[in-house]
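**Student:** Under the numbering used here, the first residue of the sequence shown is numbered 6, with each subsequent residue one higher. Input: one structure, supplied below.
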Amino acid sequence: MLFICPRTILHNSTMMVFLVAQLHHTSWPGGSHVLLVLLDTTAVLGELGWKTYPVNGWDAITEMDEHNRPIHTFQVCHVMEPNQNNWLRSNWISREAAQKVYVELRFTLRDCNSIPWVSGTCKETFNLYYMETDEAHGVKFKPGQYTKIDTIAADESFTQMDLGDRILKLNTEVREVGPITKKGFYLAFQDIGACIALVSVRIYHKKCPFTFHNLATFPDTIPRMDSSSLVEVRGTCVNNAEERDTPKLYCGADGDWLVPLGRCVCSVGYEEQDGTCVPCRIGFYKAFPGNIKCSKCPPNSFSHDEGSALCQCEKNYFRAPKDLSTMACTRPPSAPRNLVFNINETSLVLEWSPPVDTGGRRDLSYNVLCKKCGMDPQQCEPCGGELRFVPRPVGLTSTSVTVLDLVAHTNYTFEVESINGVSQFSTLPRPVSSITVSSDQGGPSLVGMVKKDWASQNSIALSWQEPDQPTVAVLDYEIKYYEKEHEQLSYSSTRSKAPSVIITGLKPATNYVFHVRARTAAGYSSYSPKFQYETGDETSNMASDQGQVLVIVTAAVGGFTLLVILTLFFLITGRCQWYIKAKMKSEEKRRTHNQNGHIPFPGIKTYVDPDTYEDPSQAVHEFTKEIDPSRIRIERVIGAGEFGEVCSGRLRTPGKKEIPVAIKTLKGGYVERQRRDFLREASIMGQFDHPNIIRLEGVVTKSKVIICPPFLMAFSCFVGRPVMIVVEYMENGSLDSFLRKHDGHFTVIQLVGMLRGIASGMKYLSDMGYVHRDLAARNILVNSNLVCKVSDFGLSRVLEDDPEAAYTTTGGKIPIRWTSPEAIAYRKFSSASDAWSYGIVMWEVMSYGERPYWEMSNQDVILSIEEGYRLPAPMGCPVALHQLMLHCWQKERNNRPKFADIVSFLDKLIRNPSSLLTLVEDIQGFPESPGDVSDYPMFISVGDWLDSIKMSQYKNNFLAAGFTTLDSISRMTIEDVRQVGVTLIGHQRRIVSSIQTLRLQLLQVHEEGFHV
6 MLFICPRTIL HNSTMMVFLV AQLHHTSWPG GSHVLLVLLD TTAVLGELGW KTYPVNGWDA
66 ITEMDEHNRP IHTFQVCHVM EPNQNNWLRS NWISREAAQK VYVELRFTLR DCNSIPWVSG
126 TCKETFNLYY METDEAHGVK FKPGQYTKID TIAADESFTQ MDLGDRILKL NTEVREVGPI
186 TKKGFYLAFQ DIGACIALVS VRIYHKKCPF TFHNLATFPD TIPRMDSSSL VEVRGTCVNN
246 AEERDTPKLY CGADGDWLVP LGRCVCSVGY EEQDGTCVPC RIGFYKAFPG NIKCSKCPPN
306 SFSHDEGSAL CQCEKNYFRA PKDLSTMACT RPPSAPRNLV FNINETSLVL EWSPPVDTGG
366 RRDLSYNVLC KKCGMDPQQC EPCGGELRFV PRPVGLTSTS VTVLDLVAHT NYTFEVESIN
426 GVSQFSTLPR PVSSITVSSD QGGPSLVGMV KKDWASQNSI ALSWQEPDQP TVAVLDYEIK
486 YYEKEHEQLS YSSTRSKAPS VIITGLKPAT NYVFHVRART AAGYSSYSPK FQYETGDETS
546 NMASDQGQVL VIVTAAVGGF TLLVILTLFF LITGRCQWYI KAKMKSEEKR RTHNQNGHIP
606 FPGIKTYVDP DTYEDPSQAV HEFTKEIDPS RIRIERVIGA GEFGEVCSGR LRTPGKKEIP
666 VAIKTLKGGY VERQRRDFLR EASIMGQFDH PNIIRLEGVV TKSKVIICPP FLMAFSCFVG
726 RPVMIVVEYM ENGSLDSFLR KHDGHFTVIQ LVGMLRGIAS GMKYLSDMGY VHRDLAARNI
786 LVNSNLVCKV SDFGLSRVLE DDPEAAYTTT GGKIPIRWTS PEAIAYRKFS SASDAWSYGI
846 VMWEVMSYGE RPYWEMSNQD VILSIEEGYR LPAPMGCPVA LHQLMLHCWQ KERNNRPKFA
906 DIVSFLDKLI RNPSSLLTLV EDIQGFPESP GDVSDYPMFI SVGDWLDSIK MSQYKNNFLA
966 AGFTTLDSIS RMTIEDVRQV GVTLIGHQRR IVSSIQTLRL QLLQVHEEGF HV
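What follows is the structure, given as structure tokens:
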């Protein structure tokens, strides 16, 4: 038998030197994990100093590689000898912070079948052991103290042929060791009869490395032993950042960061750039923390330092306390222009034009300052409280004010100043427009002493001397009076052709103030001085005197009545014939109107136009109720209307509780045409009876008239004819101002309830055949229970050929923003045009009184609507409500919903509040595969859609940009439209409006849609 030494087998093959030279610099595996190496035998420069037991078991071979670096290798190959037990032990290794370590072995192993003359003593495995200790020790090696990790086998082994071809198989095995609780450990390798070369040993543990995430830093973190347990690590925001939500990461057992939570955001004055927060540049700012970019300073402001949170206003520019930091700085307005005055019968009216420069703000208002001067212009003083300003002297939003109670022989200087939200911050004098007015410009007073002839509980008889100027012809006198205690709240007036009057309807034992002026062909004179007289009480002994007067008056009236009867006897036949003809003609007109204009529904009253009456006063008599003025108590002036003042007060009805009312008055000196126009609205309102239509309580058109013959003129007579319209009082005023005052205070259901009430009122009007023609939030009144009622009836409208294309009424211009296209172009008013206006009212309600079409000019509004533009949904508007708006704004009027359909739809929404949860701004897109595209409501391709809106010239633009499906079109923004190549503003508006409509149509395909 030939005996071959194992050592000879290895060295003769030159296997080990070749192996080390070829494999030493092969890269270590490890993937993307960060590894903390505790030991790497390939990196040790000196001797390793590992121990072998027995000494002649494992051999340590150190060779130098081509870079003159040592290569430490251990080998053993005693395959010919039985019962091998060779141990190799490492030095003591500190575990540092690791709970679990990894041992990576790189080795070669020879196939036992390739070694000749080997008995069953050859093995192809070896064992790996470890022992934990708190410190290194030099005690004798005891294998029983070591714990086995695993038996290591080779995946690849080499043969003698491999040695000849210099091809060696390198094996890499990794084993986990742990948990390790002591400070360090020893490794041990046991050979039981294999032919092995241990090329290298690397011991390491894993960590989650230091990292940045969402502007937070996370330190190196050692994972836990348990692979199912994560280590929660809280991040630290980078410099100039702050926590939005606590930033966290979790360190996994394999050293990977998992489950990112929370984030940091850049603080005010800083923006994110490459994972850090850098200060805003000079001229830029950032007012709120967040990962948004710094913004350029708003107009008229600048930041002079880096990292600015606010841009400072330039000189003479300011921000109001409620202005956002993102708003431009503004300045006080210039002075009002074109200040003029007009003495209009009982009052002085100041009017002016808005200033040229509003300072860049919308909160413009006006203050009226007054000074009065005597004969010496240098001696002036503030007017004090003797003048009354309607509606008020300060905080005016309109460009006019009415001044009452001017004192005779006095020069007044009125100054009007413009102010806005920043006027208080300016140190410069406020610019004003001023004008000087003499109270005698209406003529000197022609009335002297006003005497009280007698007084009863409810009446006072007054008289005065006629003017002593024979050339002055007095047409009549105006007597103004009011309660002494309520002189700043309301007043009454009456007229008399004679220099005496009996004023009735007064309160017992009450002081009244009276002053009188005369009307001549040249106009009104100034008022007489004020005179104060008191009515009698219940114990007054005026009864006997009144009895005497009554006898005289009764006799006079009896004689005059006989004269009137005789006169009427001769006229009655012709008069009756005229009345019958007029009545027949009026009835014929109304019959024709009903046949041609509207076919009434069975059981529903039909509206009758007062203009069809030959005598308009007959319509007032037929449709309204006359109220005795003594039943009305006026409490205060609440506004100024087209025909006179608007007051609030109380109406007393016999047997019923007093109710609050609003009283529209016709100012003194009216002509018959004004009286007829004033009462026309009452004739219309009197025909309506619905909880969502403003209720007419009645009118005051008549007064008790006592006609006295010439020989009794000393007792005077009552000839005043007050004219009033009395309606129910709506505590919250107009809907638009009410919503602006309570912006954001109501739920969607409450707003829908308001809209439902308005629609119900309009359905009633539509069923009666009445076309409102001026439906807008400003003409909807709101009571204390949030019930909305339609008002403002009977105004005539004429379309003027002016550039602004606005309707003109007797009350002023009505902007076209509420008016349908056909009404603007062809004066075609109908319930369908009212439906268009109702859609605008819906938009006003959902935007809390915002101005429709914002700052667009009227001409731009007309052009945009004609090109297909429609108002977008206000913020927070449910999809269903904006769909209804778009239906109301259809160009073809016959396609718009009827008011009955609108009421029904709103009722469904109220009964199903969940249908109001989907908001327009929540619709980000639609399903990727909505189904067959042919199911879309209107179009089957992008080309068809562009053809339908007359934008086919952009087909190639959309296709080239990748917008090839209706779904992709529905997600486009205005910026996308511009980038496609649509540069004309009108075309951009048309396309964006159509995209919004398309988006809603697509939504109908996938969700429950709008069905009227």
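C-beta: ideal position from N, C-alpha, C; glycine also.
1. Determine the burial state of Arg614: buried for a count of at least 16 other Cβ atoms within 10 Å of its Cβ, exposed for fewer.
2. Please classify Gly649: is it buried, with 16 or more other beta-carbons within 10 angstroms of its beta-carbon, or exposed?
3. Report yes if the C-beta distance between Ile98 and Leu133 is below 8 Å; otherwise report no.
4. DSSP on Ile990, reduced to helix/strand/coil?
5. If you reduce the DSSP assignment to three classes, tell me which class Gly766 lands in.
6. When you compare each of Gly295, Ala782, Asp616 to Trp848 by their alpha carbons, which one comes out closest?
7. Excluding the 5 residues flanking Cys213 on each side, which residues of the same chain have their C-beta closer than 6 Å to its C-beta?
8. Evaluate the contact criterion for the segment 191-211 versus the segment 238-252: three or more CB pairs, one atom per stretch, below 8 Å.
9. Say whether the segment 913-923 touches the segment 751-759, bearing in mind that this needs 3 or more beta-carbon pairs closer than 8 Å, one atom from each stretch.
10. Helix, strand or coil: which one does DSSP assign to Gln195?
11. Would the segment 75-93 count as touching the segment 41-51 if we require 3 or more Cβ pairs under 8 Å?
12. Using 8 Å for Cβ pairs, my map puts Cys282 next to Tyr275. What's the rounded Cβ distance?
13. Specify the secondary structure class of Asn899 as computed by DSSP and reduced to three states.
14. To the nearest whole angstrom, what separates the beta carbons of Met729 and Lys669, a pair I think is in contact under 8 Å?
15. Which residue wins for smallest C-alpha separation from Trp950, given the options Asn118, Ser999, Arg638?
16. For a test of the three-state rule: what should DSSP assign to Glu539, helix, strand or coil?
17. When you compare only the Cα positions, how much space is there between Arg657 and Pro665?
18. Run through the DSSP bridge pairs and tell me what Lys291 is partnered with.
19. Roughly how many angstroms lie between the CA atoms of Phe146 and Leu266, to the nearest whole one?
20. I'd like to know if the segment 823-834 and the segment 883-891 are in contact, where contact means that at least 3 CB-CB pairs between them fall below 8 Å.
21. Could you check if Lys105 is buried or exposed, using at least 16 other CB atoms within 10 Å of its CB as the buried criterion?
22. Take the Cβ of Met21 as the centre, count every other Cβ of all protein chains shown within 10 Å, and call the residue buried at 16 or more, exposed below.
23. Could you check the C-alpha separation between Pro857 and Asp633 for me, to the nearest Å?
24. When we look at the beta-carbon of Pro337 and count the other beta-carbons within 10 Å, is it buried (16 or more) or exposed?
25. Going by C-alpha distance, which of Phe519, Phe910, Ala202, Tyr486 is nearest Val455?
26. Quick one: Cα of Asn863 to Cα of Tyr487, how far?
27. Would you list the residues sitting across from Asp45 in a DSSP beta bridge?
28. Do Ile785 and Ile763 have their beta-carbon atoms positioned less than 8 Å apart in this structure?
29. Given a cut-off of 8 Å on the beta-carbon distance, is the pair Leu467 and Asp458 in contact?
30. Can you tell me which of Gln888, Gly758, Lys56 puts its alpha carbon nearest to the alpha carbon of Pro918?
31. Closest to Ala514 by CA distance: which of Gly986, Thr222, Gly766, Lys489 is it?
32. How far does the beta strand (DSSP E) with Asn132 in it extend, from its first residue to its last?
33. Three or more beta-carbon pairs under 8 Å between the segment 81-88 and the segment 198-209, yes or no?
34. So is Ala102 buried or exposed if we call it buried at 16+ other beta carbons inside 10 Å?
35. Evaluate contact between the segment 683-692 and the segment 738-747, counting only Cβ atoms and requiring at least three cross-stretch pairs below 8 Å.
36. Got a sec, what are the start and stop residues for the beta strand (DSSP E) Leu701 sits in?
**Tutor:** According to the structure data:
1. Checking the sequence, you will find Asp at residue 614 rather than Arg. Buried, since its Cβ has 16 or more Cβ neighbours within 10 Å.
2. Gly649 is buried by the Cβ-count criterion.
3. Cβ atoms of Ile98 and Leu133: not closer than 8 Å.
4. Ile990 falls in the helix class under three-state DSSP.
5. Correct three-state label for Gly766: helix.
6. When each option's Cα is compared against that of Trp848, the closest is Ala782.
7. Only Thr226, Cys256, Gly260, Trp262 meet the Cβ criterion.
8. Judged by Cβ distances under 8 Å, the segment 191-211 makes no contact with the segment 238-252, as fewer than three pairs qualify.
9. The segment 913-923 is in contact with the segment 751-759.
10. In this structure, Gln195 counts as strand in the three-state DSSP scheme.
11. These segments touch.
12. With 8 Å as the limit, Cys282 and Tyr275 qualify as a contact, their Cβ atoms being about 4 Å apart.
13. For Asn899, the secondary structure class from DSSP, reduced to helix, strand or coil, is helix.
14. So it is a contact: roughly 7 Å between Cβ atoms.
15. When only C-alpha atoms are compared, the closest one is Ser999.
16. In this structure, Glu539 counts as strand in the three-state DSSP scheme.
17. Straight-line Cα distance between these residues: approximately 9 Å.
18. According to DSSP, which records beta bridges pairwise, Lys291 is partnered with nothing at all.
19. The alpha-carbon of Phe146 is positioned some 51 Å away from that of Leu266.
20. No: the two stretches stay apart, fewer than three of their Cβ pairs being nearer than 8 Å.
21. The residue in question, Lys105, is buried, as its Cβ has 16 or more Cβ neighbours within 10 Å.
22. With a pLDDT of 42 at Met21, under the threshold of 50, the modelled position of this residue cannot be trusted; read the value that follows with caution. Under this definition Met21 is a buried residue.
23. Taking the straight line joining both Cα atoms gives about 43 Å.
24. Buried, by the Cβ-count rule.
25. Distance check between Val455 and each of Phe519, Phe910, Ala202, Tyr486 places Phe519 closest, using alpha-carbon atoms only.
26. Taking the straight line joining both Cα atoms gives about 46 Å.
27. Residue pairing by DSSP puts Asp45 in a beta bridge opposite Arg207.
28. Their beta carbons are under 8 Å apart, which means Ile763 touches Ile785 by this criterion.
29. Yes, the pair counts as a contact, with Cβ atoms nearer than the cut-off.
30. Among Gln888, Gly758, Lys56, the Cα nearest to that of Pro918 is on Gly758.
31. When only C-alpha atoms are compared, the closest one is Lys489.
32. 130-138 is the span of the beta strand (DSSP E), which, as asked, contains Asn132.
33. The segment 81-88 is in contact with the segment 198-209.
34. It is exposed - the Cβ of Ala102 has fewer than 16 other Cβ atoms within 10 Å.
35. Under the Cβ criterion (8 Å, minimum of three pairs), the segment 683-692 does not count as touching the segment 738-747.
36. Here the beta strand (DSSP E) through Leu701 covers 701-705.
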